[in-house]
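Asker: Numbering (the working numbering), first residue to last: 3 to 290. Please see the structure below; I have some questions.
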């Protein structure tokens, strides 16, 4: 059981399945996070092409959510890796925020082979039955296919970045280690000293393979990601010659502080992190 994923949920949930439940990729909210809070941010689609798409991965059709400025080509590409809850409304909204900033943003549904992450009401069961069965090898291949799809749609994959939250934060680190074409990454509170799938390596163990600059955004009060593990990774990165990555640890800030639909949301840290994210991409070759 992964403590940070579970503790960041409200201890008492009123699961309302008549509203907000995820029915298709990028729509509604995952059942495990209901009810959503009043502070939830909603980004409109004015001026955008946004909605579900299908990405071929061999013979498999992987659903994803895509958002981009309408009528534009040769856009920089940002992969958006979801939390354990899959590609629900919040992740789709993050894609729209990137699109408003001039990016082609794509969030593939990386758990779809294992089950419907959005339908689970209990985070512990979701981790055990779905998340822990999605191996790094599968996820890396799915992200590679997503990059290929973006290129075929006119995206400029010479300007390629990845960002993600929690499980997706770890996936961000992992994909940067996997794909040398990634120009920059932004990892939001992803575990670095443990893996989700049995047998996969930790990010600390993979530090030598991480060459691109990664902006790491974490909370000092994250019960599942001790600050000392971030120090271990930072030390390992520097020892391997990666001097461009940067760690930002917000004081008195919990896990999932960017998740505006959850009680863990911390507006000041979330807004500062978002500004840093866009600036980081621009400085490191993924400028819109």
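Ideal Cβ placement from N, Cα and C applies to all residues, glycine included.
I'd like the ranges of any beta strand (DSSP E) spanning at least 3 consecutive residues and lying wholly in the segment 80-159.
Answerer: Those beta strand (DSSP E) runs which fall completely within the segment 80-159 and span 3+ residues are 106-110.
Asker: Residue ranges of each beta strand (DSSP E) run of no fewer than 3 residues wholly in the segment 193-278, ordered along the chain?
Answerer: Runs found: 216-221, 248-252.
Asker: What is the residue span of the beta strand (DSSP E) that residue 63 lies within?
Answerer: First-last of the beta strand (DSSP E) with residue 63: 62-71.
Asker: Have a look at residue 224 and residue 29 and give me their C-alpha separation to the nearest angstrom.
Answerer: Spanning the two alpha carbons is a distance of roughly 28 Å.
Asker: Answer with buried or exposed for residue 174, where buried requires no fewer than 16 other C-beta atoms within 10 angstroms of its C-beta.
Answerer: By the neighbour-count rule (16 or more Cβ atoms within 10 Å), residue 174 is buried.
Asker: Is the segment 67-81 in contact with the segment 274-290, if contact means three or more CB pairs nearer than 8 Å?
Answerer: As far as the Cβ criterion goes, the segment 67-81 touches the segment 274-290, which means the pair count is three or higher.
Asker: Are the beta-carbon atoms belonging to residue 157 and residue 191 less than 8 Å from one another?
Answerer: Not a contact, by the Cβ cut-off of 8 Å.
Asker: Can you give, in chain order, each stretch of the alpha helix (DSSP H) that sits fully within the segment 154-189 and has at least 4 residues?
Answerer: Those alpha helix (DSSP H) runs which fall completely within the segment 154-189 and span 4+ residues are 169-180.
Asker: How long is the line joining the alpha carbons of residue 24 and residue 241, rounded to whole angstroms?
Answerer: With a pLDDT of only 43 at residue 24, under 50, the local geometry of the prediction cannot be trusted, and the value read off the model is given with reservation. Taking the straight line from one Cα to the other gives about 44 Å.
Asker: Could you give the C-beta distance for residue 212 and residue 181, rounded to a whole number, given that I count them as a contact under 8 Å?
Answerer: Incorrect: roughly 11 Å between the Cβ atoms, too far for contact.
Asker: On the three-state DSSP scale, how would you describe residue 34?
Answerer: It is helical.
Asker: Under three-state DSSP, which class holds residue 283?
Answerer: In the structure shown, residue 283 sits in a helix (DSSP, three-state: H, G or I).
Asker: Buried or exposed: which applies to residue 62, given that a residue is buried once 16 or more other Cβ atoms fall within 10 Å of its Cβ?
Answerer: Exposed is the call here.
Asker: Strictly by DSSP, which residues pair up with residue 53?
Answerer: Looking at the DSSP assignment, residue 53 forms a beta bridge with 68.
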